[in-house]
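For the sequence shown, my numbering gives the first residue as 5, with consecutive numbering after it. Down below is the structure, laid out as structure tokens.
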Amino acid sequence: MLDLEFEKVPKKEVTERKAREQLTAGVPVVCKVTDRDWYELYSEKEINSLTNLAKQGVYTSLKFFAD
């Protein structure tokens with residue numbers, strides 16, 4: 005889950021590809037999986053897990069945010 009104050013959450017929406025690049029560069033990335041659930045991501049492995057869950061229908065959409 006998100007361990008950031010909402011004011012510090014990145015506001016710029018980015019593509020999954022850009023989110024992966026940002027993580028590789030050490031830039032924090034946040035993923036919105038539902039209206040109420042946000043996750044702070046630390047590795048590409050976490051993006052892989054979320055995309056697999058989305059493919060299985062657990063999440064209907066993933067939105068990535070980074071600075």
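C-beta: ideal position from N, C-alpha, C; glycine also.
Ranked by Cα distance from Asp41, the first of Glu20, Ala70, Leu66 is Leu66.
For Leu27, the secondary structure class from DSSP, reduced to helix, strand or coil, is helix.
For Leu57, the number of other beta carbons within 10 angstroms of its own is below 16, and it is reported as exposed. Val31 has its alpha-carbon roughly 9 angstroms from the corresponding atom of Glu25.
Cβ-Cβ distances below 7 angstroms link Glu48 to Arg24, Leu27 in the same chain, with the five nearest sequence neighbours on each side left out; the list follows chain order.
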